[in-house]
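Student: One structure follows; several queries about it will come next.
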Amino acid sequence: MAEAYPWQQALWPQLAGRSQHAHAYLLHGPQGIGKRALAERLMARLLCQQPQGLDACGQCKGCLLLKAGSHPDNFILEPEEADKPIKIDQVRELVSFIVQTAQQGGRKVVLIEPVEAMNINASNALLKSLEEPSGDTVLLLVSHQPSRLLPTIKSRCQQVACPQPSQAQSRAWLAGALPESCDEEREELLTLAAGSPLMAVNLQAQGVREQRALVTDGVKKLLKQQQSPSQLAEAWKDVPLLLLFDWFCDWSHLVLRYQLTQDEDGLGLADMRKVLQYLAQKSRPAKVLEIQAWVLEQRQKVLGKANLNRVLLLEAMLAHWVQLPGQR
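Counting in the working numbering, the sequence shown runs from 3 upward without gaps.
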């Protein structure tokens, strides 16, 4: 059974309590707020043969088949490898599933996550099924970045904005999820996860605090000319590329913000405050904006699953960064 998160309590009855369902829902919101769990919970409710109120019973044949991962009327479409695109062949397989008759005599339910992992060709291959789904089929599309979806995909779905937890809800849930961590560590994780508690747990599992320490130490050595861009690109080989671009985007934004406000409290986490203050004092805003635009452009390429040379990309970014001081 998918976890029911406290911040989804108001939305759940609106979704699960319907007498008639849309043929396609687009569940969207930031990553790490429980959209996949919400979709799985709704999928279980839609495939259950003896629902108990708003939830699946967990005991009927449909529920047991779903739990075993062998329900014939359930199809999950996701990238074959993490951070890779959903291929057009996968969508064609889905389309052939949709046109079949439900084997259990009820609904067919499809879950696609993340929808933005489909390229243009894969998205177009899905469109006809979204327009005219066969039989009693419900498609649950989960998106972290709906702005990247084709308008024709969005217009064919009932859009559901998934609620984000409040700060208090995030802290309370994270305290239960990471009881071994202290309050300070959990606050740091929540900041790094942009307030998304599930993302904070994932970041903790991948050792993000250790990765962050490695990167911030490297940036300081780079600015002191104790390490070169090529040395750091090699030293950071195990740090996810998107995470690096997120941090450098954030740092350039904080430098610009400080140049405008001189507000030391707005310099983010303590590990980079002095560095960012130094860069803000020693660089021209126009140069910071130029570097920020470059970083954002490269980040979009990473998000778009472009085939990039990681080492060269990091070396170029660090070469830009090291030129910031003195650019006044």
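Built from N, CA and C at the ideal position, the CB exists for glycine as well. Quick caveat, the model's predicted, so the values are computed rather than measured.
Helix or strand or just coil, what does DSSP make of Thr139?
Tutor: For the purposes of this step, residue 139 is identified with residue 137 of the sequence shown, where counting begins at 1. Here DSSP, grouped into helix, strand and coil, assigns Thr139 to strand.
Student: Would you report the Cα separation of Gln233 and Gln227, rounded to the nearest angstrom?
Tutor: As a working note, residue 233 is residue 231 in the sequence shown. As a working note, residue 227 is residue 225 in the sequence shown. Each residue's alpha carbon lies about 11 Å from the other.
Student: What residues match up with Asp57 in a beta bridge as DSSP calls it?
Tutor: As a position in the sequence shown, residue 57 is number 55, starting the count at 1. DSSP output for Asp57 lists Gln54 as bridge partner(s).
Student: Where Ala177 and Arg188 are concerned, what is the direct C-alpha to C-alpha distance, given to the nearest angstrom?
Tutor: The residue given as residue 177 occupies position 175 in the sequence shown. The residue given as residue 188 occupies position 186 in the sequence shown. Going by the C-alpha atoms only, they are around 8 Å apart.
Student: Give the list of continuous alpha helix (DSSP H) stretches no shorter than 4 residues that lie fully inside the segment 205 to 243.
Tutor: 210 to 225, 231 to 237
Student: Let me check understanding here. Comparing Cα to Cα, which of Lys156, Arg43, Gln33, Leu67 lies closest to Leu13?
Tutor: To locate residue 13, count along the sequence shown from 1; it is residue 11. Closest option to Leu13, Cα to Cα, is Arg43.
Student: How about Thr218 and Asp273: do their beta carbons lie closer than 9 Å?
Tutor: Counting from one through the sequence shown, the residue named residue 218 turns up at place 216. Counting from one through the sequence shown, the residue named residue 273 turns up at place 271. A contact, by the Cβ cut-off of 9 Å.
Student: Who pairs with Met319 in a beta bridge, going by DSSP?
Tutor: Counting from 1 along the sequence shown, the entry for residue 319 is found at position 317. According to DSSP, Met319 bridges with nothing at all.
Student: Could you have a look at Ile114 and say whether DSSP puts it in helix, strand or coil?
Tutor: Here residue 114 is taken as the residue at index 112 of the sequence shown, counted from 1. Here Ile114 carries a strand assignment [DSSP, helix/strand/coil].
Student: Measuring alpha carbon to alpha carbon, tell me which of Pro327, Gln16, Lys307 ends up nearest Ser285.
Tutor: Along the sequence shown, one-based indexing puts residue 285 at 283. Per the Cα distances, Pro327.
Student: Between Cys50 and the rest of its own chain, which residues show a CB-CB distance below 7 Å, the 5 nearest in sequence each way excluded?
Tutor: The count along the sequence shown starts at 1 and reaches residue 50 at position 48. Cβ within range, chain order: Ala58, Cys59, Cys62, Gly64, Cys65.
Student: Does the distance from the C-beta atom of Gln208 to that of Leu180 stay below 9 Å?
Tutor: As a first step, residue 208 must be located in the sequence shown, where it is residue number 206. As a first step, residue 180 must be located in the sequence shown, where it is residue number 178. No, the pair does not count as a contact, with Cβ atoms beyond the cut-off.
Student: If you draw a straight line from the alpha carbon of Gln10 to that of Ala70, how long is it in whole angstroms?
Tutor: For this step, residue 10 is matched to residue 8 along the sequence shown. For this step, residue 70 is matched to residue 68 along the sequence shown. So the alpha carbons of these two residues sit roughly 26 Å apart.
Student: DSSP on Tyr260, reduced to helix/strand/coil?
Tutor: Reading the sequence shown from its first residue, position 258 is the one you call residue 260. Tyr260: helix per DSSP, three-state reduction.
Student: Could you tell me if the beta carbon of Ser285 falls within a distance shorter than 8 Å of some heavy atom in the ligand COA?
Tutor: Absence of the ligand COA is noted for the structure shown, with no ligands found whatsoever.
Student: For a quick check, are the C-beta atoms of Glu118 and Arg150 less than 9 Å apart?
Tutor: What you label residue 118 is simply residue 116 of the sequence shown in a count that begins at 1. What you label residue 150 is simply residue 148 of the sequence shown in a count that begins at 1. Their beta carbons are under 9 Å apart, which means Glu118 touches Arg150 by this criterion.
Student: Would Asp75 and Arg38 qualify as a contact pair, given that the criterion is a beta-carbon distance under 9 Å?
Tutor: In the sequence shown, residue 75 corresponds to position 73, counting from 1. In the sequence shown, residue 38 corresponds to position 36, counting from 1. Their beta carbons are not under 9 Å apart, which means Asp75 does not touch Arg38 by this criterion.
Student: Throw me the rounded Cβ distance for the Thr139 and Ile100 pair, which I believe falls under 8 Å.
Tutor: If you number the sequence shown from 1, residue 139 lands on position 137. If you number the sequence shown from 1, residue 100 lands on position 98. Contact flag correct, Cβ pair sits at about 6 Å.
Student: Could you tell me the distance, in whole angstroms, from the CA atom of Leu56 to the CA atom of Val162?
Tutor: Stepping through the sequence shown from its first residue, residue 56 is reached at position 54. Stepping through the sequence shown from its first residue, residue 162 is reached at position 160. So the alpha carbons of these two residues sit roughly 18 Å apart.
Student: Which term fits Ala124, buried or exposed, when burial requires 16 or more other beta carbons within 10 angstroms of its beta carbon?
Tutor: Mapped onto the sequence shown, residue 124 falls at position 122. Buried, since its Cβ has 16 or more Cβ neighbours within 10 Å.
Student: With the cut-off set at 9 Å, would you say Pro167 and His30 are in Cβ contact?
Tutor: Residue 167 sits at position 165 when you count from the first residue of the sequence shown. Residue 30 sits at position 28 when you count from the first residue of the sequence shown. No. Outside cutoff.
Student: Near Ala127, what residues of its chain come up, given a Cβ to Cβ distance below 7 Å and the 5 sequence neighbours on each side ignored?
Tutor: If you number the sequence shown from 1, residue 127 lands on position 125. These residues qualify, in order along the chain: Ile90, Val93, Arg94, Val97.
Student: Could you give the DSSP three-state label for Ala282: helix, strand or coil?
Tutor: Here residue 282 is taken as the residue at index 280 of the sequence shown, counted from 1. Reduced to three states, the DSSP call for Ala282 is helix.
Student: When the distance is taken between beta carbons, is Leu216 closer than 9 Å to Ala202?
Tutor: Translated into the one-based positions of the sequence shown, residue 202 becomes position 200. Translated into the one-based positions of the sequence shown, residue 216 becomes position 214. Cβ atoms of Ala202 and Leu216: not closer than 9 Å.
Student: Mapping DSSP to helix, strand and coil, what is Ile88?
Tutor: Counted from its first residue, the sequence shown places residue 88 at position 86. The answer is strand: DSSP assigns Ile88 an E or B state.
Student: Can you tell me whether Gln264 is buried or exposed? The criterion is at least 16 other CB atoms within 10 Å of its CB, across all chains shown.
Tutor: Taking the sequence shown and counting its residues from 1, the one referred to as residue 264 is at position 262. By the neighbour-count criterion, in which a residue is buried when 16 or more other Cβ atoms sit within 10 angstroms of its Cβ, Gln264 is exposed.
Student: For the alpha helix (DSSP H) containing Asn121, list its first residue and its last residue.
Tutor: Here residue 121 is taken as the residue at index 119 of the sequence shown, counted from 1. Here Asn121 belongs to no alpha helix (DSSP H), and DSSP marks it neither H nor E.
Student: Helix, strand or coil: how does DSSP classify Asn76 here?
Tutor: The sequence position of residue 76 within the sequence shown is 74, counting from 1. Strand at Asn76.
Student: Whose CA, out of Glu212, Arg259, Lys223, Tyr260, lies closest to the CA of Asp240?
Tutor: Counted from its first residue, the sequence shown places residue 240 at position 238. With distances taken between Cα atoms, Asp240 lies closest to Glu212.
Student: Excluding sequence positions up to five away, which residues of its chain have a Cβ less than 7 Å from the Cβ of Glu133?
Tutor: The residue labelled residue 133 in the question sits at position 131 within the sequence shown. So the qualifying residues of the chain are Arg158.
Student: Output yes or no for whether 9 Å exceeds the beta carbon distance between Leu142 and Tyr27.
Tutor: Indexing the sequence shown from 1 puts residue 142 at position 140. Indexing the sequence shown from 1 puts residue 27 at position 25. Yes, the pair counts as a contact, with Cβ atoms nearer than the cut-off.
Student: Does the beta-carbon of Ile122 have 16 or more other beta-carbons within 10 angstroms, so that it is buried, or is it exposed?
Tutor: Here the question's residue 122 lines up with position 120 in the sequence shown. So Ile122 counts as exposed.
Student: Roughly how many angstroms lie between the CA atoms of Gly19 and His25, to the nearest whole one?
Tutor: Walking along the sequence shown from the start, residue 19 turns up at place 17. Walking along the sequence shown from the start, residue 25 turns up at place 23. Gly19 and His25: Cα-Cα distance of roughly 15 Å.
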